[in-house]
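Residue numbers (full-length UniProt numbering): 1 to 223. Even for Gly, the Cβ is constructed at its ideal location relative to N, Cα and C. I have placed the structure first, in the form of structure tokens, so that the comments after it can refer back to it.
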Ligand SMILES: [Zn+2]
């Protein structure tokens, strides 16, 4: 059972996820869509959630670029880390790792107009990437799991979902998307070469398609 609640409602009310006990409360009528970091076999629901997350971020970045065209090759994805203050170091490190690993997409910290956000709290599912009820992506970082597993690896792994990578729990420690699969002793927080090229490919081809769609929508609305 998974708790689903539009985060915008919570933030509008000024309540923290922890205060609400989000994750321990019984599920509402919303769909199951979360992928826990430590899970050993990804369910179709988890894969769908990761996919939905990537598409939400892609769409958000494409809409911004359609409105403000630029010739820059790399797509900038803005993240808001202000709701996960305990993980500020790991989030910054994760962005640094990804920015040093791929060339077609760039992660940038910012509070206004963010394409996705990080949240922190306690959740029996562990950490995951998902979307809220409004098609916006977020990453949830679980306290206990981040003490059990290498916290930078957990953060970089979840951020890998933002960039379009699926889970692959059966992979080795050298693979970032193997997540908790290789066990708690694995501290590698870097994507391997296959993961790097996959992300570059997704942000070259996938983004072009999303941008095309966003441009068409923009033209339609300005008519
Ligand atoms: Zn994952």
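Residue-level contact to chain B via CB, residue i, 8 Å cutoff
i, result
"residue 87", "Protein chain content of the structure displayed is limited to a single chain, and chain B is not contained in it."
Residue range of the unbroken alpha helix (DSSP H) whose run includes residue i
i, result
"residue 58", "44–67"
"residue 207", "207–222"
"residue 195", "193–201"
Neighbourhood of residue i by C-beta, 6 Å cutoff - its chain only, sequence neighbours within 5 removed
i, result
"residue 94", "155, 156 and 159"
"residue 62", "210, 211 and 214"
"residue 54", "164"
"residue 202", "164"
As assigned by DSSP and simplified to three states, the class of residue i
i, result
"residue 169", "coil"
"residue 143", "helix"
"residue 107", "strand"
"residue 124", "coil"
"residue 137", "strand"
"residue 129", "strand"
"residue 117", "strand"
"residue 102", "coil"
"residue 85", "helix"
"residue 174", "coil"
"residue 148", "helix"
"residue 94", "helix"
"residue 204", "helix"
"residue 182", "coil"
Cβ neighbours of residue i in the same chain (closer than 7 Å, five flanking residues each side left out)
i, result
"residue 200", "102, 103 and 104"
"residue 240", "For the chain, the structure presents residues 1 to 223; residue 240 sits outside this window and is missing."
"residue 57", "77, 115, 116, 137 and 162"
8 Å Cβ shell around residue i - same chain, five flanking residues per side excluded
i, result
"residue 87", "81, 118, 120, 141, 146, 151 and 155"
"residue 113", "64 and 78"
"residue 226", "The structure shown does not extend to residue 226, since the chain is modelled only from 1 through 223, so no value can be given for it."
C-alpha gap between residue i and residue j, whole angstroms
i, j, result
"residue 144", "residue 122", "7 Å"
"residue 171", "residue 98", "19 Å"
"residue 207", "residue 220", "20 Å"
"residue 190", "residue 108", "18 Å"
"residue 216", "residue 66", "9 Å"
"residue 168", "residue 222", "43 Å"
"residue 96", "residue 196", "14 Å"
"residue 130", "residue 71", "30 Å"
"residue 205", "residue 198", "11 Å"
"residue 148", "residue 68", "43 Å"
"residue 179", "residue 139", "14 Å"
"residue 135", "residue 184", "32 Å"
"residue 153", "residue 92", "12 Å"
"residue 44", "residue 132", "18 Å"
"residue 128", "residue 89", "18 Å"
"residue 193", "residue 106", "17 Å"
"residue 73", "residue 175", "26 Å"
"residue 100", "residue 218", "33 Å"
Residue i: first and last residue of the uninterrupted beta strand (DSSP E) it sits in
i, result
"residue 152", "Run containing residue 152: none in the beta strand (DSSP E); it sits in the alpha helix (DSSP H), 151–162."
"residue 80", "75–80"
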